[in-house]
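Since the structure comes first, as structure tokens, the remarks are kept for the end.
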Amino acid sequence: MERMVSRVRRLSPLHTFSDALLISLLSESDFQPDNIQQGVVLFEKDEPTEYWYLLLSGEVQLYSKTYVGDFKHLKTLRCGALFGDLSTLTHSCSCLVSRPAQLIRIAQNHFLSVYNKHGDHLQPFIIIMHDILTDETPMDPQLPTHSSGLFNGQRSNDLMSSEINPNEIVSVSTEGIPTKMILPSLPHRRENRNHRPNQLNHNQNHRTEDRNFIEFHNPTGIEKQVLESGEVLHRKMLTDNHQVIRDITTQHTRVQNCMIGAEMIDWLLTLFVSTSTTSSSLSRIQMSAIWQVLLNNGMIAHIDGEHEFMDKTNSYYRWVQPYRNRNKVAPTIEEVSKSTALLSSIAPETLFLMIVSKPGFERSPEELEVVYEELTFIKALSHLSTMVKRQLANFVKVEQYVHAGSVVFRQREIGVYWYIVLKGAVEVNVNGKVVCILREGDDFGKLALVNDLPRAATIVTYEDDSIFLVVDKHHFNQILHQVEANTVRLKDYGEDVLVLEKVDIPRGAALENSNSCNFNCGYSVMAGKAEKILEYVLETRIDALSDDISEIDLFVEDFILTHDAFMPANTVCNFLKSYYFRTPYRATRDSISDSCTEEVRCKRRVVQFVYVWCSMLKINFFLNPVTNSFVEELFCHVIDDRKRLGGMEEIMTRIGAIRTSRENMQLVLARHPAIVLDCGVLSARTPCPILPSDVCNQIIYLADTTCFVLPIRVDKTAEEICELSRRRMSFLAEPLKLVEVKSNGEKLIFSPTDRAIPTVLSLNSKLYVVNREEIPMLVPMEDQNGPTPTTHSSILHLIDSQELAHQLFLFHLQLLRATDSNELLYQVIGRESFPQSMPFNLDLLVRRFNEVQHWSTTEILLATEDNRVEILKKFIHIATIAREYRDLLTVFAITLGLSHTSVSRLTLTWNVSLKGFQVSRIPIFQYFKILEHKNIFKTLDV
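Just so we're aligned: 68 in UniProt numbering is position 68 of the sequence shown, and the numbers increase by one with no gaps anywhere.
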């Protein structure tokens with residue numbers, strides 16, 4: 001079992017599974033995987049569902065048989081795929097082994113029992129064949145299904161869905177070209193010959209269950225919404241008074257029902273301003289991207305077949321499909337608003353691909369700025385400077401591969417491009433062995449360009465519709481040479497201590513108005529020793545800051561927010577103190593006045609830096625005893641220097657303001673400790689913000705399931721909690737461990753230095769203090785299975801939706817205001833980099849999100865069948881009102897709660913609840929449909 005679990009864990013899709021879940025999943029399976037030869041049919045459609053299959057190696061293809069007996073390719077599955085049917089008694093499609101495979105069979109009943117308990121963990125990684133078949137159901141034949149242009153969004157299975165010979169199964173070669181594999185006869189290559197397919201009539205073969213309402217990764221759903229939104233704009237244009245659609249004469253030819261590109265942009269801009277519910281505005285290039293989306297999806301077309309939408313007066317377009325309703329009813333403002341919101345959320349990705357498909361010399365400055373903004377989000381380019389990314393915006397191009405298995409380049413070929421994975425994944429093969437899989441954000445092919453050597457590996461696309469950004473060898477080397485030419489390295493005793501890069505756009509332009517001296521801020525810091533970086537900040541950036549520090553230099557801000565990760569506060573304070581007492585460089589008899597000026601300037605820089613530091617961190621600055629005491633020490637030094645130096649009045653005023661802030665914050669820090677969590681329940685009087693001295697009443701469990709309540713300060717480490725618990729236990733000198741046991745059986749052993757333990761615990765988990773030998777015996781307790789219908793009590797029917805949404809908004813606003821932006825940095829960079837600073841308030845915000853999410857799921861599942869529909873409607877109403885309040889925490893928490901597998905499969909409840917509604921027009925469900933588009937997260941103002 002351990003060997004099998006270890007092998008399964010190495011599969012990239014399943015490496016996040018816990019050992020407990022893998023053991024539970026494989027406990028009733030044969031430890032020796034089945035070896036299946038190429039060409040064997042694993043099962044056929046309509047055979048009884050007996051197993052789920054875990055593919056360890058090889059490749060299988062899912063296909064279905066049409067009513068005329070032909071075969072239709074559905075999906076190609078590779079190693080790591082866990083596939084089967086959930087809710088059907090017979091298989092929804094057939095499965096053919098296209099490459100020699102090893103697989104594990106999991107009994108259907110056993111899998112369903114595991115799925116019922118761990119559905120949330122399994123759902124993102126399993127492949128339900130019935131859902132694939134549902135996604136393949138053709139759309140309304142009256143809607144246009146073709147697309148023109150490069151950005152047609154076709155999936156690979158669209159190209160492979162044509163009907164073929166019954167004895168020919170489509171496969172994809174390593175070159176990415178569809179080939180045919182001839183089989184003698186499918187029935188004679190059966191692996192399970194004892195099963196005979198059920199004889200079903202034609203109607204039964206084509207009958208499918210209702211599609212799940214909530215779909216996060218359903219491209220067909222998105223395409224359908226785009227078509228619906230396009231129809232709304234078409235209706236609006238037909239009923240509008242602007243006469244955008246009219247007959248046009250071009251080149252002595254009269255074209256009927258056409259539109260001019262520039263007029264389409266003007267009309268859409270006016271429409272967006274008049275119907276938008278937000279204060280944001282879109283530019284003309286963004287409006288062009290919206291029309292490009294409709295062009296890619298076949299809603300509009302250029303009269304000459306051009307693939308790119310152009311904002312010109314000599315570009316003519318027409319609607320592909322005539323409007324079917326003769327009444328020409330104008331859409332409502334709400335319909336138009338929802339349609340433009342959906343299209344504008346999809347447009348950024350389309351706009352980016354449209355721009356990078358152009359040659360560099362055709363890209364406008366505005367388009368280059370769009371490309372640069374997108375490049376800043378790519379992981380492989382994160383280490384590059386701003387200047388390099390701006391240059392890449394001129395050269396970067398795009399390559400697309402429709403089919404998985406396409407060869408990007410081969411081993412020992414001459415390298416001509418550098419590749420960055422924008423979408424999809426690739427396999428790296430060295431001498432025929434798969435070394436690794438690169439996914440979105442990774443890059444490859446750079447080594448051959450740098451060293452001018454042949455390719456060291458073969459790269460094959462691992463997923464369909466893979467998209468890469470590419471940079472050719474000439475421009476790659478050109479950028480490298482320019483980077484080296486614009487890099488300044490400051491050395492100390494032969495060692496690089498500061499690496500600067502010259503930038504085209506000067507930062508800190510306010511320095512031009514500084515009378516102190518001629519500073520040059522045309523450099524950005526790439527790397528360096530911490531002390532030298534701080535010295536650079538003091539000498540080149542601080543003097544440029546305004547007196548009210550309304551605008552802080554970005555580099556100064558970055559240093560202050562992140563210095564704890566590489567330069568502790570005590571080191572910063574020691575360096576500031578030494579800089580404050582620095583001896584002037586020009587201390588000669590002829591330059592006494594200059595020396596005094598230089599000495600005062602150094603002191604002013606230190607005090608100004610501390611003032612900015614204090615203003616940015618606020619209470620977090622004074623929570624650190626080192627910085628707190630440094631302020632008092634610095635105040636004493638300024639008073640002494642004021643007696644012997646002139647020009648210290650401004651410095652004295654600034655240090656006085658810092659000391660006043662310190663005294664005010666001391667009053668806040670001196671408050672009585674408050675209770676944050678009382679036995680896992682968030683206190684109604686939660687302090688704002690939480691201080692390290694605040695307390696959580698935490699239930700501590702022992703190995704024999706006995707428990708006691710222990711008051712714990714939120715800043716206590718796991719080791720200190722164990723020592724506090726030891727007083728109530730019989731253990732004397734045995735080392736103790738702090739262990740969290742979750743409801744799914746997963747165990748998390750805290751490190752002795754971990755802090756903020758009560759605030760990071762998962763919902764419905766237990767905290768144990770045990771010795772090492774007792775850890776394997778810890779199992780979830782009975783009450784961790786959740787409430788039962790007999791013990792559950794709901795208050796939803798007692799409180800109005802408006803009142804509930806309002807109270808949620810007020811409480812969440814309180815939590816959000818208590819959460820400082822620094823805490824987000826601690827979470828993103830890593831808590832271990834900031835040992836003295838913990839994001840207590842952010843932990844509570846995340847905990848609250850999880851509470852609301854699980855609350856909505858639990859209320860629906862434990863409600864009676866008579867009340868379930870009303871409760872579902874009420875949650876939809878609450879989320880809609882929360883959206884009006886801009887309470888996105890409530891909106892997304894309820895949205896994810898309703899997307900829980902157990903809720904989304906209540907087909908009858910959804911059908912009754914949404915009867916009479918158009919699903920895509922319900923406000924909160926816009927978030928469901930656009931969630932798979934990564935660009936939407938860049939525009940959310942949370």
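Don't be surprised by glycine CBs; every beta carbon is placed ideally from N, CA and C.
Note on geometry: alpha-carbon atoms of C696 and E633 lie some 35 Å from one another. Taking 7 Å as the cut-off, the beta carbon of R284 is found closer than this to the beta carbon of D311.
Cβ neighbours of F849 within its own chain (closer than 8 Å, five residues either side excluded): L889, F892, A893. Contact annotation, A565 with D553: C-beta distance approximately 19 Å; criterion of less than 8 Å not satisfied. Annotated three-state conformation of Q102 is strand, per DSSP. Between the alpha carbons of I222 and L669 lies a gap of roughly 51 Å. Distance check between V572 and each of K603, F609, R604, T597 places F609 closest, using alpha-carbon atoms only.
Looking at R235, K618, P673, the one whose alpha-carbon comes closest to that of L691 is P673. A distance below 7 Å separates the beta carbons of I757 and A718. Proximity to P33 across K45, L25, L55, H15 peaks at L55, based on C-alpha coordinates. Between the beta-carbon of V912 and that of I860 there is about 13 Å, and that puts the pair past the 8 Å contact cut.
For C688, the three-state secondary structure derived from DSSP is coil. Inside the UniProt domain "Cyclic nucleotide-binding" (380-480), DSSP marks whole alpha helix (DSSP H) runs of 4 or more residues at positions 386-395, 446-451, from first to last along the chain. Contact between G261 and Y317 holds: CB atoms are separated by about 6 Å, below the 8 Å threshold. A straight line joining the alpha-carbon of K446 with that of R390 spans about 19 Å. At a Cβ-Cβ threshold of 7 Å, V607 and R654 count as neighbours.
Around the beta carbon of E374, a 10 Å sphere encloses 16 or more other beta carbons of the protein chains shown; the residue is thus reported as buried. When DSSP states are grouped into helix, strand and coil, H121 belongs to the helix group. Within the same chain, K603, R604, V607, V638 come within 7 Å of I651 by CB-CB distance, once the 5 residues on both sides are set aside.
Here E44 is not near R99, since their CB atoms are 7 Å or more apart.
Beta-bridge analysis with DSSP links A301 to R318. For W52, the pairing in a beta bridge is given by DSSP as I106. With contact defined as three or more Cβ pairs closer than 8 Å, the region 776-789 and the region 813-829 are not in contact. Residue C688 holds the alpha-carbon nearest to the alpha-carbon of H812 among H854, C688, K874.
When only Cα atoms are considered, V320 and I245 end up about 13 Å apart. If you check the CB distance, H91 and E47 come in under 7 Å. When the alpha-carbon of V41 is set against those of L62, W52, D30, the nearest one is in L62. Excluding the 5 residues flanking it on each side, A569 has same chain C-beta neighbours closer than 6 Å at N624, V626, T627, in chain order.
Here the region 5-25 lies against the region 111-124, with 3 or more beta-carbon pairs under 8 Å apart. Going by DSSP, D887 is part of no alpha helix (DSSP H) at all; its letter is neither H nor E. For V388, the CB contacts under 7 Å within the same chain, skipping 5 residues up- and downstream, are I479, V483 in chain order.
The beta-bridge partner set that DSSP reports for I700 consists of F708, L767.
Counting along the chain, the unbroken alpha helix (DSSP H) around L368 starts and ends at 365-375.
In the DSSP assignment, Y579 falls within the alpha helix (DSSP H) that extends over 569-580. The beta carbons of T759 and F840 sit about 6 Å from each other, so the pair counts as a contact at 8 Å. With respect to the 7 Å criterion, L710 and C722 are not classified as neighbours on the basis of their beta carbons.
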